[in-house]
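K.L.:
Counting in this note's numbering, the sequence shown runs from 93 upward without gaps.
Ideal Cβ placement from N, Cα and C applies to all residues, glycine included.
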Amino acid sequence: MMTRRLKVRAVGLIAALKAACIPVVFAATLSASAQAANTATQATAAANAAGSDTQQPKPTIVVLGDSISAEYGLPRDTGWVALMRQRLSSERIDYNVANASISGDTTSGGRARMPALMQRLKPAIVIVELGANDALRGVPLSTTEDNLRTIIEQAQQGHAKVLLIGMYVPPNYGPDYTQKFHGLYGELSKQLRVPLVPFLLAGIEDKPDMFQADQIHPTQRAQPVLLDNVWPALKPLLHTSSR
């Protein structure tokens, strides 16, 4: 049943995008330039906050993601990244959070942005949530894997811990591609010794009411579930990544 719903969801999305004469970029409607400007503002604010206490600056968590992490279609500060910031505060875990996610972004885009993010923010932790748009654009798996590897290595070279978030693609891509796409996250996790969240949307993937009208992007009600999927893998890093 889940496979059928994922297939229907994917087919419906692609048909809608074709009818609107726009490229299939994970239903992104925000321009990259506008979103990049917003990201820069968020990143600068986080950097300023990190430097406001000269005696004991807070370490920073950077989230490098796409529309799922960029609050696509949601009220501001209601996405899982904002909820993570709130949970850190409520549990008195002293971190800044910089959401460097852009709707429609690919692993190539994330790779290109990483050096500046590392230099400016000097994060203690980098959460990588990218790859789904690569699949929708037909990017070769080898390219996606190489980009993710480089992103992780760039973070590690900057002495940051990395949390990798995996995704699935709809089954209409074919069982071979679907298996290999999801498998590359596990392989990178093992090879580069970074923790993995196997599937960000686990627990909601077969619940249509947890998705927006496009049946791709999770609703506001689904965001706590996404955070709960990330938190068990993130929390151990919080005790080993102070700067």
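Straight-line CA distance for Asp-268 to Pro-207?
P.N.:
One-based indexing of the sequence shown puts residue 268 at position 176. One-based indexing of the sequence shown puts residue 207 at position 115. Each residue's alpha carbon lies about 33 Å from the other.
K.L.:
Whole-angstrom Cβ separation of Ile-243 and Ile-219, contact assumed at under 8 Å?
P.N.:
For this step, residue 243 is matched to residue 151 along the sequence shown. For this step, residue 219 is matched to residue 127 along the sequence shown. Contact flag wrong, Cβ pair sits at about 11 Å.
K.L.:
Would you mind stating whether Pro-300 and Ala-216 have Cβ atoms separated by less than 8 Å?
P.N.:
Indexing the sequence shown from 1 puts residue 300 at position 208. Indexing the sequence shown from 1 puts residue 216 at position 124. Their beta carbons are not under 8 Å apart, which means Pro-300 does not touch Ala-216 by this criterion.
K.L.:
Is the beta carbon of Ser-195 sitting closer than 8 Å to the one on Asp-169?
P.N.:
Walking along the sequence shown from the start, residue 195 turns up at place 103. Walking along the sequence shown from the start, residue 169 turns up at place 77. Not in contact: Ser-195 and Asp-169 (Cβ atoms no closer than 8 Å).
K.L.:
Tell me whether Ala-119 is buried or exposed, calling it buried when 16 or more other Cβ atoms sit within 10 Å of its Cβ.
P.N.:
Within the sequence shown, residue 119 is the residue found at index 27, counting from 1. Confidence at Ala-119 is low in this model, with a pLDDT of 36, below 50, so the placement of that residue is unreliable and no value is reported for it.
K.L.:
Determine the contact status of Leu-276 and Glu-221, defining contact as a CB-CB distance below 8 Å.
P.N.:
Position 184 of the sequence shown, counted from the first residue, corresponds to residue 276. Position 129 of the sequence shown, counted from the first residue, corresponds to residue 221. Their beta carbons are not under 8 Å apart, which means Leu-276 does not touch Glu-221 by this criterion.
K.L.:
May I ask you to report which of helix, strand or coil DSSP gives Ile-244?
P.N.:
Residue numbering aside, residue 244 sits at position 152 when the sequence shown is read from its first letter. Three-state DSSP puts Ile-244 in a helix.
K.L.:
Under DSSP, the beta strand (DSSP E) around Ala-190 begins and ends at which residues?
P.N.:
Counted from its first residue, the sequence shown places residue 190 at position 98. Element bounds for Ala-190: 188 to 191.
K.L.:
So what's Glu-237 in DSSP terms, helix, strand or just coil?
P.N.:
Sequence index remark: in the sequence shown, residue 237 carries index 145 (1-based). Helix, per DSSP.
K.L.:
Please give the ranges of any beta strand (DSSP E) in the region 145 to 205, keeping only runs that are unbroken, at least 3 residues long and fully inside the region.
P.N.:
Complete beta strand (DSSP E) runs here, min 3: 152 to 157, 188 to 191.
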